[in-house]
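In mature numbering (1 follows the signal peptide of the UniProt record, and there is no 0), the protein residues as written are -24 to -1, 1 to 353.
Each residue gets a CB set at the ideal place from its N, CA and C atoms; glycine is no exception.
Every value quoted in this text rests on a predicted model; they were computed, and no experiment measured them.
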Amino acid sequence: MAISKRVCVVLVAILLVSQRFASAEELPTVERASFPKDFVFGTATAAYQYEGAATEGGKGLSIWDTFTHRPGVIAGNTTGDIAVDQYHRYAEDLWLLKDLNMDAYRFSISWSRIFPKGVGEVNWEGVKYYDMLIKHLLELNIEPYITLYHWDMPQALEDSIGGWLSPDIVDAFTRYARFCFERWGPRVKYWITFNEIHSFANAGYSSGEHAPGRCTPPKCSAGNSNTEPYIVSHHALLSHAHTVDMYRKEFKDAQKGVIGITTDCTWYTPLNSSSNSDQRAAQEAIEGFLGWYLDPIFFGDYPASMRASLGSNLPTFTPKQVELIKGSQDFVGINHYSSMYATFNETNGEIIKTGYKDGVPIGGVVIYLTSTYKINW
């Protein structure tokens, strides 16, 4: 499956970059002992990318099941129907993790495997799969970290209410989360509400390259790239806030767990470090990426720079919502892939983001990936 292969490609690319751009003398020796004793080594996956069994065991369809079956959407028309088949081979996979001496395994729950229609009737065969996965992890002394949402909205909710575009999704998500806490909370101590809202909000509702494939026509059949990413993100953040509030009030003390959120972030640095304008461009680029999601959680509102540039396209929080979302984290996860330069376009004032400065890429990874895989940074 193409989606799973991407993970392997990135890992291989990083290894090749290390070999190509650094000699053995230049690389420091890094061992487990180099890290603090309580440092956690682990791996992470997403349900759609790994489980397979897309229509087995009573599972309902997700938006990714539907999206990848559209002709031409994925190279070679591959899908996640089988993926790496973790649904059937989880015991083997977990032994591989043990062999790698991993401390933790972060995986996501497939919402539609538990609730085929998103709400209502529980699919107990799907629940049993996660029961066994968690049981095996604990027997191998590998700590489970559960992500509640990694991009795979139940198709039934997408069809019935519009998925993340509807404010009703907040209640549906919270009910789904409650079931997970009740079922697995006694054994699972680390919870992540969302993985990378930025990714599914932008790629799913701005460019249309991810499920559900919405963007402004004619590129997509339906959508609004100027408004929908912000609506989707707003509802996801409110879902996060309500879920954390529920966990803290009803489960945290008894289950002794923690809950947070994971976001991704490209780090931006000024194209010209001595330019005040470029410094501001880099700051605003970071605010429009990382701050979009963490500012509400830490400060209660979106960054002022986003409010100034987006105006009415950016939703607002009510005073009650501010109270709910501010401080709604026990921890924050950051997925960082690369860094870029930032400067302002002198003509229209928009931020230009680039991986190059004076023709030289920002790092060896950019050089390798650009030349080998023709990735447009």
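Asked, Found
"Can the beta-carbon of Ile118 be found closer than 9 Å to that of Ala80?", "yes"
"Compute the distance between the beta-carbons of Phe157 and Trp167, then report whether it is under 9 Å.", "yes"
"For Pro246, write down the residues that DSSP places opposite it in a beta bridge.", "Ala318"
"Using 9 Å as the threshold, is the C-beta distance between Ser215 and Val146 below it?", "yes"
"What residue range is occupied by the uninterrupted alpha helix (DSSP H) comprising Gly276?", "Neither: Gly276 is in no alpha helix (DSSP H) and is coded neither H nor E."
"Is Gly189 near the ligand HEM, going by C-beta to nearest heavy atom under 8 Å?", "With respect to small molecules bound, the structure shown includes none, and the ligand HEM cannot be examined in it."
"Tell me, please, which residues DSSP counts as bridged to Thr238.", "Asn171 and Gly309"
"Using a Cβ-Cβ cut-off of 6 Å (strictly less than) and excluding sequence neighbours within five positions of Ala153, which residues of its own chain qualify?", "Leu124 and Thr219"
"Which class does Ile122 belong to by DSSP, given the choice of helix, strand or coil?", "strand"
"Applying the criterion that 16 or more other CB atoms from any shown protein chain within 10 Å of the CB defines a buried residue, is Lys232 buried or exposed?", "exposed"
"Do the region 130 to 141 and the region 76 to 94 touch if we need at least three Cβ pairs shorter than 8 Å?", "yes"
"Would you mind working out which of Trp243, Ile90, Ala22 and Trp40 sits nearest Arg151, comparing C-alpha positions?", "Ile90"
"If we count Cβ pairs, one from each stretch, closer than 8 Å, do we get three or more for the region 45 to 52 versus the region 102 to 113?", "no"
"Considering Cα atoms alone, identify which of Arg8, Gly309, Pro4 and Gln25 is closest to Thr169.", "Gly309"
"From Lys13 to Asp306, what distance separates their C-alpha atoms?", "21 Å"
"Please classify Pro4: does DSSP put it in a helix, a strand, or coil?", "coil"
"Give the DSSP-derived three-state secondary structure of Lys333 in the structure shown.", "strand"
"Does the distance from the CB of Gly56 to the CB of Tyr24 come in under 9 Å?", "yes"
"Among Ala20, Ile39, Pro4 and Lys165, whose alpha-carbon lies nearest the alpha-carbon of Asp69?", "Ala20"
"Which of the three DSSP states, helix, strand or coil, is assigned to Ser38?", "strand"
"Which of helix, strand or coil does DSSP assign to Thr323?", "coil"
"Report yes if the C-beta distance between Trp127 and Glu172 is below 9 Å; otherwise report no.", "yes"
"Quick one: using the 10 Å Cβ neighbour count with 16 as the cut-off for buried, is His112 buried or exposed?", "buried"
"Got a sec? Which residues, its chain only, sit under 7 Å from Ala179 by beta carbon, not counting five neighbours each side?", "Glu185 and His186"
"By the three-class DSSP mapping on this structure, what secondary structure does Ile145 have?", "helix"
"Could you check where the alpha helix (DSSP H) with Ala257 kicks off and where it finishes?", "Asn252 to Ile262"
"By how many angstroms is the C-alpha of Leu300 removed from the C-alpha of Pro235?", "The residue you asked about is not Pro; residue 235 is Ile in the sequence shown. Each residue's alpha carbon lies about 15 Å from the other."
"Sort Leu116, Pro162 and Thr245 by Cα distance to Lys333 and report the nearest one.", "Thr245"
"Beta-carbon within less than 6 Å of Phe83's beta-carbon, same chain only, minus the 5 sequence neighbours each way: which residues are those?", "Thr21"
"Tell me which residues share the same chain as Leu73 and place their Cβ nearer than 7 Å to its Cβ, disregarding the 5 neighbours each side in the sequence.", "Thr19, Tyr81 and Ile118"
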